[in-house]
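Notes follow the structure.
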C-alpha cells in the first residue's frame, strides 16, 4: 500500500482528473468531489509557483476553476471525523446534485444546507430556480431577523411602559393619600366652623362684635384654605391626566397617524374652548 502511495505523481493524478472529466458531459457532484480531492493532492506535490502552470498543461483548468473544485470537495466530500449521520447526508447529496447546483448552494451555510436541500425538489430544478430559492430563503431570514428585532424593541418599550405605569400608580396613590388628608382636614375645619357657630349662637346677645369679626375672619380663612387645597388637588390631577393623554397620543402616532391626527384636532378644540370660557360661569 505504501508503495502505491509513493508511486503517485502529479501526472498520474492529472490522468485521473481527466478521466473523471470525460465520464459525464454533465458533471455530477460525486465526480466534482473526486476532481477536487485530486487537485488538492496534486497541489501538495507541486513546488511553489508551479501550480498554475501544471493546471494549464495537464488538466486545462484555470486557477479559479481549480479553486471551485477544491472548495466543492471540502464542502461536500466526506471527511475524517464526520458522524454516521453526516456521512449519510453527504452521500445522499452527492447522488442528487449537479456540480453547478453544488456551487450555487455554497451560499447556504453548511449546517443548514442539508435541511434546505430536503425542502426542495432539487432534482427537477434549474440553477436559476435554485438561485431564486436561495434568494427567497435569504429574504425570509432577513425578514425574520427584522421581526425578531422589532419584537425585542416592542418588548423593551412594553417593559418601559410597565415601569412608567408603576411610577404613575405610585404618583396616583400619593395623590389619593393627599386627597384623603385634605378631606380629613376639611372635615376638621367644618367641625371647627360648626363649633364656632354654636359658640357664636350662645354669644349673640352679648356685645362681642370684635370676637364675632375674628370668628368670621377665621371662617373665611378656613374656607379659602379649603378651596385652595381643592384647586391645587384638581390642578395636579389635571396635569397628571394631560401627561397620560400626551403619552398615549404619542403611542397612537406610532401606530396610526390618521387616528392620531383626529384626536389631536379634538384636543386642540377642547383646549381652545377651555381658554375661551370664563372661569366662574
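Residue numbers (the working numbering): 39 to 319. Where a beta carbon is used, it is the ideal one built from N, C-alpha and C, also for glycine.
A Cβ-Cβ distance of about 5 Å is found for the pair residue 67 and residue 140, placing them in contact under the 8 Å criterion.
Among the bridge pairs identified by DSSP, residue 66 is matched with 136. Rounded to whole angstroms, the Cβ separation of residue 90 and residue 101 is 5 Å, and the two are in contact under 8 Å. Note on residue 69: 16 or more other CB atoms within 10 angstroms of its CB, so buried under the neighbour-count rule. According to the DSSP assignment, residue 314 belongs to the alpha helix (DSSP H) that extends over 295 to 314. Its Cα nearest to that of residue 165, the residue 144 stands out among 82, 144, 179.
For residue 151, the CB contacts under 7 Å within the same chain, skipping 5 residues up- and downstream, are 143 in chain order. DSSP, read as helix, strand or coil, puts residue 85 in coil.
With a threshold of 16 other beta carbon atoms within 10 Å, residue 75 meets it and is buried. Fully contained in the region 146 to 221 are the following alpha helix (DSSP H) runs of length 4 or more, in chain order: 148 to 156. Rounded to whole angstroms, the Cβ separation of residue 51 and residue 79 is 6 Å, and the two are in contact under 8 Å.
For the pair residue 290 and residue 298, the CB atoms are nearer than the 8 Å cut-off. Within a 10 Å sphere around the beta-carbon of residue 48 sit 16 or more other beta-carbons, which makes this residue buried.
Residue 168 is classed as buried because its beta carbon has at least 16 other beta carbons within 10 Å across all chains shown. Going by C-alpha positions, residue 228 is about 18 Å away from residue 251. Only exposed fits residue 262, as fewer than 16 other CB atoms lie within 10 angstroms of its CB. Under the 8 Å Cβ criterion, the region 105 to 113 does not count as touching the region 152 to 163, having fewer than three qualifying pairs. Taking all protein chains shown into account, residue 135 has 16 or more neighbouring C-beta atoms within 10 Å of its C-beta and is therefore buried. Between residue 231 and residue 265 the beta-carbon gap is near 14 Å, outside 8 Å, which marks them as no contact.
Residue 294 and residue 203 have their C-alpha atoms roughly 22 Å apart.
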